[in-house]
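Structure record follows, encoded as structure tokens.
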Amino acid sequence: MTDQFNPYEMAKEQLSDAVKALSLDERAYSILKNPMRVMEVSIPVLMDDGRVETFIGYRSQHTDVMGPTKGGVRFHPNVTLDEVKALSMWMTFKTQVMGLPYGGAKGGVIVDPKSLSEREREELSREYIRSLMSIIGPDKDIPAPDVNTDPKLMGLMYDEYDRIRGFNVPGFITGKPLILGGSLGRLEATGRGVVLTIREAVKRQGLKMEGLKVSIQGFGNVGKYTAKILDELGAKVVAVSDSKGAIYKDTGLPIPKLLQFVDEGNRVSDFSEAEHMEPMKVFEIGCDVVVPAALENQISGEVAKKIKAKIVAEAANGPTTREGDQVLYEKGVVIIPDILCNAGGVTVSYFEWVQNKMGYYWKEEEVNQKLEEKMVHSFDNVYRMFELHDVHMRTAAYMVSVGRVCEALCARGWIKDWSMPIECKD
Ligand code: NAD
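Residue numbers for the sequence shown follow our numbering, so the first one is 1113 and each next one is one higher.
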């Protein structure tokens, strides 16, 4: 992997940009450029055919200066240590752009979960938790779902943690099934947050949600709910893709039908009421907003040159390379950076953790209303920074979040006197 496509190198460069823009003490960069703790585990699984296969897993905890660390667990064949480290760092900046009392973490296992049976997947999930017991917990590090992991697996991981501890600890993990203390609104929270940030960006561009043309890469948890909520608000989702193919309809795809089709176990590319195209074409078609909602490094410099949209809403983590970023910035495309755009998930995870700790549960409208308040407030903070300093939206988001972490580092005596510029304060 070249440095340009190494997400950890990219995350460090983004951090460095913010440290420079805030004229911060060099020590801040030295402290934050490495995760505070990384664990590599070897996970033996008894396969259905009697063999034992060993999978490699990681957990990276970036910093706990703001509170316990928090972040999802990813099951994917391309997981690498550097990817997990970068994702944990982005989680710190995501929780801080939202003003949540957490630092960042991320976990991953190198596996193609589709190649495992249900029993093998369960054993892998339980063993992953067993191997991390000493560093996770409701006040230490709180896992959640990510790519290829879902509420069902969170329920199994929760059960494993409780069995070892000997009592119920619902605040240990978020994204759980509702019956085990999950929060109403969590499943669609990331997509809802993506749409709220698009709505705020659209207002500033003098556009309207009604009739807004949107193209989405990826139709998993985030892509699907983003499409559903956009459709409910009157936007036209004109293209979507999954890893096998893409579909397009200029007048807008029939999203409720497509959701039902995919929920029945079909692929996007088999949907008949649309034109078919190559997956990467979702970035090239004429539309107002492009939403990468799949994996990292999708918008390279070359891809960025072909984007016609005015807004790129980064629903995925790290979807734009440094070169892609520069091309979009020069073209005047507004990027809603990942740490802000997809922060709805961790925000409702935080609400879930708070409800678990209180043992008192909120109605869905209350969750959605609290999410909207947080997303709009955080978008306003970042946009104010973007306008005042004439920087990239990404740098503006990092200035808000890195500024907060550094204020905490300073209050703890780790870096010398520094206080948040007045315009970064709430
Ligand atoms: P998911 O596993 O539910 O869905 C991923 C989707 O991307 C699938 O539709 C898959 O087919 C598609 N995909 C994979 N490779 C592709 C390719 N090359 N081209 C087109 N489509 C491709 O995952 P998810 O939970 O929706 O997460 C998507 C992204 O959002 C990830 O970057 C994740 O880290 C980020 N994210 C997720 C959450 C969450 O709450 N789930 C929160 C914040 C950020």
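Virtual Cβ for every residue (Gly too), placed ideally from N, Cα, C.
Since we're looking at a predicted model, the values are computed, not measured.
Close beta carbons around L1371, own chain, < 7 Å, minus the five adjacent residues each side: Against the sequence shown, residue 1371 aligns to sequence position 259. Excluding sequence neighbours, L1371 sits near K1336, K1340.
Rounded straight-line distance, which links the Cα of I1285 to that of Q1467: Against the sequence shown, residue 1467 aligns to sequence position 355. Against the sequence shown, residue 1285 aligns to sequence position 173. Using only the alpha carbons, I get a separation of about 12 Å.
Per DSSP, the bridge partner or partners of A1256: Looking up residue 1256 in the sequence shown gives position 144. According to DSSP, which records beta bridges pairwise, A1256 is partnered with G1184.
Any beta-carbon of chain B closer than 8 Å to the one on G1377? Reference to chain B is not applicable here, since this structure consists of a single protein chain.
Hey, is the region 1185-1192 in contact with the region 1251-1269, meaning 3+ C-beta pairs nearer than 8 Å? yes
Any chance you could list the alpha helix (DSSP H) runs of at least 4 consecutive residues sitting entirely within the region 1394-1475, in chain order? 1413-1418, 1434-1443, 1450-1453, 1456-1470
Could you check which residue in V1415, F1395, T1181 has the C-alpha nearest to that of G1330? The count along the sequence shown starts at 1 and reaches residue 1330 at position 218. Closest by C-alpha distance to G1330, out of V1415, F1395, T1181, is F1395.
Based on Cα-Cα distance, which residue from S1200, E1239, M1178 lies nearest to G1211? Sequence index remark: in the sequence shown, residue 1211 carries index 99 (1-based). Ranking the options by Cα distance to G1211, first place goes to M1178.
Three or more beta-carbon pairs under 8 Å between the region 1240-1249 and the region 1143-1155, yes or no? yes
State buried or exposed for G1515, treating a residue as buried only when at least 16 other CB atoms are found within 10 Å of its CB. Position 403 of the sequence shown, counting from 1, holds the residue named residue 1515. That one is buried.
Can you list the beta strand (DSSP E) stretches of 3 or more residues lying completely in the region 1214-1291, in chain order? 1215-1222, 1253-1257
Three or more C-beta pairs below 8 Å linking the region 1275-1282 and the region 1314-1321: no
Let me check you understand the geometry: is the CB of L1500 closer than 7 Å to at least one non-hydrogen atom of the ligand NAD? By one-based count along the sequence shown, residue 1500 stands at place 388. The ligand NAD never approaches L1500 closely enough for any of its heavy atoms to be under 7 Å from the residue's Cβ.
V1460 versus L1483: straight-line alpha-carbon distance, rounded: Position 348 of the sequence shown, counting from 1, holds the residue named residue 1460. Position 371 of the sequence shown, counting from 1, holds the residue named residue 1483. Near 7 Å, if we compare the C-alpha coordinates of L1483 and V1460.
Check whether the Cβ of Q1329 sits closer than 7 Å to any heavy atom of the ligand NAD, and report yes or no. Counting from one through the sequence shown, the residue named residue 1329 turns up at place 217. Yes; taking the cut-off as 7 Å, the Cβ of Q1329 has a heavy atom of the ligand NAD nearer than that.
C-alpha gap between D1274 and P1289, whole angstroms: Walking along the sequence shown from the start, residue 1274 turns up at place 162. Walking along the sequence shown from the start, residue 1289 turns up at place 177. When rounded, the distance between both Cα atoms is 15 Å.
Same chain, Cβ closer than 6 Å to Y1473, neighbours up to 5 away in sequence not counted: Sequence index remark: in the sequence shown, residue 1473 carries index 361 (1-based). Only Q1467 meet the Cβ criterion.
Spell out a yes or no on whether the region 1198-1207 and the region 1157-1167 are touching, meaning 3 or more CB-CB pairs, one atom from each, closer than 8 Å. Counting Cβ pairs under 8 Å, fewer than three are found: no touch.
How is G1169 classed by DSSP in three states: helix, strand or coil? Working through the sequence shown from its first residue, we reach residue 1169 at position 57. In this structure, G1169 counts as strand in the three-state DSSP scheme.
Can you determine whether any heavy atom of the ligand NAD sits closer than 7 Å to the C-beta of L1228, and answer yes or no? The residue labelled residue 1228 in the question sits at position 116 within the sequence shown. L1228 Cβ: outside cutoff for every heavy atom of the ligand NAD.
Do K1422 and V1445 have their C-beta atoms within less than 8 Å of each other? For this step, residue 1422 is matched to residue 310 along the sequence shown. For this step, residue 1445 is matched to residue 333 along the sequence shown. Contact flag set, yes.
Mind reading off the beta-carbon distance from R1171 to I1247? Whole number of angstroms is fine, and I expect it under 8 Å. Within the sequence shown, residue 1171 is the residue found at index 59, counting from 1. Within the sequence shown, residue 1247 is the residue found at index 135, counting from 1. That pair is a contact at about 7 Å.
Return the bridge partner residues of L1158 from the DSSP annotation. Taking the sequence shown and counting its residues from 1, the one referred to as residue 1158 is at position 46. DSSP, once it has assigned bridges, lists V1164 as partnering L1158.
Under 7 Å: does the beta carbon of P1180 sit that close to some heavy atom of the ligand NAD? The count along the sequence shown starts at 1 and reaches residue 1180 at position 68. With a cutoff of 7 Å, P1180 does not count as near the ligand NAD, since its C-beta is closer than that to no heavy atom of the ligand.
Throw me the rounded Cβ distance for the G1219 and G1169 pair, which I believe falls under 8 Å. Within the sequence shown, residue 1219 is the residue found at index 107, counting from 1. Within the sequence shown, residue 1169 is the residue found at index 57, counting from 1. Going by Cβ atoms, the distance from G1219 to G1169 rounds to 7 Å, so yes, they are a contact pair.
Cβ neighbours of G1430 in the same chain (closer than 8 Å, five flanking residues each side left out): Residue numbering aside, residue 1430 sits at position 318 when the sequence shown is read from its first letter. P1119, M1122, A1123, A1198, L1199, W1202, E1408, N1409, D1450.
For Q1372, the first and last residue of its enclosing alpha helix (DSSP H): Stepping through the sequence shown from its first residue, residue 1372 is reached at position 260. First-last of the alpha helix (DSSP H) with Q1372: 1367-1375.
To which residues of the same chain is G1398 closer than 6 Å at the C-beta, ignoring the five residues directly before and after it? Position 286 of the sequence shown holds residue 1398. Excluding sequence neighbours, G1398 sits near K1420.
As assigned by DSSP and simplified to three states, the class of A1347: Residue 1347 sits at position 235 when you count from the first residue of the sequence shown. In the structure shown, A1347 sits in coil (DSSP, three-state: anything other than H, G, I, E or B).
CB of G1335 to nearest heavy atom of the ligand NAD: below 7 Å? Here the question's residue 1335 lines up with position 223 in the sequence shown. For the ligand NAD, a non-hydrogen atom lies closer than 7 Å to the CB of G1335.
Based on DSSP bridge pairs, tell me the residues matched to Q1329. Taking the sequence shown and counting its residues from 1, one reaches residue 1329 at position 217. Its beta-bridge partners are S1353, P1404.
Can V1352 and V1380 be called in contact, C-beta distance under 8 Å? Locating residue 1352 in the sequence shown gives position 240, where the first residue counts as 1. Locating residue 1380 in the sequence shown gives position 268, where the first residue counts as 1. The answer is yes: Cβ separation under 8 Å.
Within the same chain, show all residues whose beta-carbon is closer than 7 Å to that of M1321, passing over the 5 residues directly before and after it, in chain order. By 1-based counting over the sequence shown, the position of residue 1321 is 209. The answer, listed in chain order, is R1311, V1314, L1345, G1346, A1347.
Suppose only complete runs of 4+ residues qualify. What are the alpha helix (DSSP H) ranges in the region 1287-1316, listed by chain order? 1301-1316
Tell me A1358's beta-bridge partners as DSSP assigns them. Here residue 1358 refers to the residue found at position 246 when the sequence shown is read from its first residue. For A1358, DSSP records a beta bridge to S1353, M1389.
What's the call for K1486, buried or exposed, on a 16-neighbour Cβ count within 10 Å? Within the sequence shown, numbered from 1, the residue matching residue 1486 stands at position 374. Buried, since its Cβ has 16 or more Cβ neighbours within 10 Å.
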